[in-house]
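Quick note, the working numbering runs 7 ahead of the 1-based positions in the sequence shown. Written below as structure tokens is the structure these notes are about.
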Amino acid sequence: MSKKRSSALPYARGAAMALVALVLVVAGAWASWGSAQHVLLSKGREHGTLTVTGCSTDICTGRFDPEGPAGARTDMTIDHSVAVEKGGRYPVVVKPDTTELVRTGWAGGLHAWLPLGGALLLAALVIGGGMRLPRLAWVSASAGGALLVGAFFAL
8 MSKKRSSALP YARGAAMALV ALVLVVAGAW ASWGSAQHVL LSKGREHGTL
58 TVTGCSTDIC TGRFDPEGPA GARTDMTIDH SVAVEKGGRY PVVVKPDTTE
108 LVRTGWAGGL HAWLPLGGAL LLAALVIGGG MRLPRLAWVS ASAGGALLVG
158 AFFAL
């Protein structure tokens with residue numbers, strides 16, 4: 008009986024590590040999707056340009072000039088991050104039924120997927136160390152690193 012029991016331990020460890028890696032990647036994708044959906048599925052949403060006039064610790068406000076005949080508005084906000092600075096002009100899309108904006112284009116898309124990039128890097132450690140799959144770990148780390156580096160240079 009002890010032989011069957013001890014031979015199942017590596018499989019249980021592998022399954023547990025796979026579950027941890029899966030949870031990390033799913034959590035990263037879930038955290039990213041809140042902003043990324045507005046960048047990726049922006050057809051039919053209100054597009055325009057935001058000129059940032061002021062920032063607090065959490066949000067920035069400014070003048071939103073929508074595409075089309077609608078007039079400019081000043082009640083729109085965008086999350087304050089390294090990607091947004093006072094005086095900058097950014098292409099944005101409006102989140103439906105809100106006054107919140109999300110950056111569009113390559114910079115906005117890469118910025119929206121940053122949590123997934125971090126999750127892929129963390130999952131690479133679990134995949135390589137816990138599951139002992141170095142090639143898959145390198146693929147995960149490379150994808151996460153490329154996403155983070157791409158966002159850094161795009162912003």
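All C-beta atoms, glycine included, are put in the ideal place defined by N, C-alpha and C.
How far does the beta strand (DSSP E) with H54 in it reach, from first residue to last?
-> For H54, the enclosing beta strand (DSSP E) starts and ends at H54 to C62.
Taking Cβ positions, are K162 and A90 nearer each other than 8 Å?
-> Note that residue 162 is Leu in the sequence shown here, rather than Lys. For L162 and A90, yes; Cβs fall inside 8 Å.
Are the Cβ atoms of L48 and F71 separated by less than 8 Å?
-> Going by C-beta atoms, L48 is not nearer than 8 Å to F71.
F159: which of K50, G124, I85 and V109 sits nearest, CA to CA?
-> Taking only the C-alpha atoms, the option nearest F159 is G124.
Name the two residues that bound the continuous alpha helix (DSSP H) containing R80.
-> In the DSSP assignment, R80 falls outside any alpha helix (DSSP H) and within the unbroken beta strand (DSSP E) covering R80 to D86.
Anyone know if the C-beta pair for H54 and C67 falls short of 8 Å?
-> Taking 8 Å as the Cβ cut-off, H54 and C67 do not qualify as a contacting pair.
Name the residue from V109, R20 and V146 whose alpha carbon lies nearest to the alpha carbon of V46.
-> Here the closest residue by C-alpha is V109.
Would the beta-carbon of L129 be found less than 7 Å away from any heavy atom of the ligand COA?
-> What this structure holds is no ligand at all, so the ligand COA is not there to describe.
For S63, which residues of its own chain have a beta-carbon under 8 Å away from its beta-carbon, when the five flanking residues on both sides are left out?
-> Closer than 8 Å at Cβ, skipping near neighbours: H87.
State the Cα-Cα distance for the pair A19 and G94, rounded to the nearest angstrom.
-> The straight-line gap separating the alpha-carbon atoms of A19 and G94 is approximately 55 Å.
Please check the pair Q31 and A126, which I expect to be a contact at CB under 8 Å, by giving their CB distance rounded to whole angstroms.
-> The question names Gln, but residue 31 is Leu in the sequence shown. Sure, about 5 Å apart at Cβ, within 8 Å.
What alpha helix (DSSP H) runs, 4 residues minimum, are completely inside the stretch 73-136?
-> Taking only runs of at least 4 residues, the alpha helix (DSSP H) segments lying wholly in the stretch 73-136 are 112-119 and 121-132.
Count the other C-beta atoms from every protein chain shown that fall within 10 angstroms of the C-beta of L140, then say buried if there are 16 or more, exposed otherwise.
-> A residue is called buried once 16 or more other Cβ atoms fall within 10 Å of its Cβ, and L140 is buried on that count.
Since G69 sits in a beta bridge, which residues does DSSP pair it with?
-> Partner(s): V59 and M83.
Please state whether DSSP places P142 in a helix, a strand or coil.
-> Sequence check: residue 142 is Arg here, not Pro. R142 sits in a helix when the DSSP states are folded into three classes.
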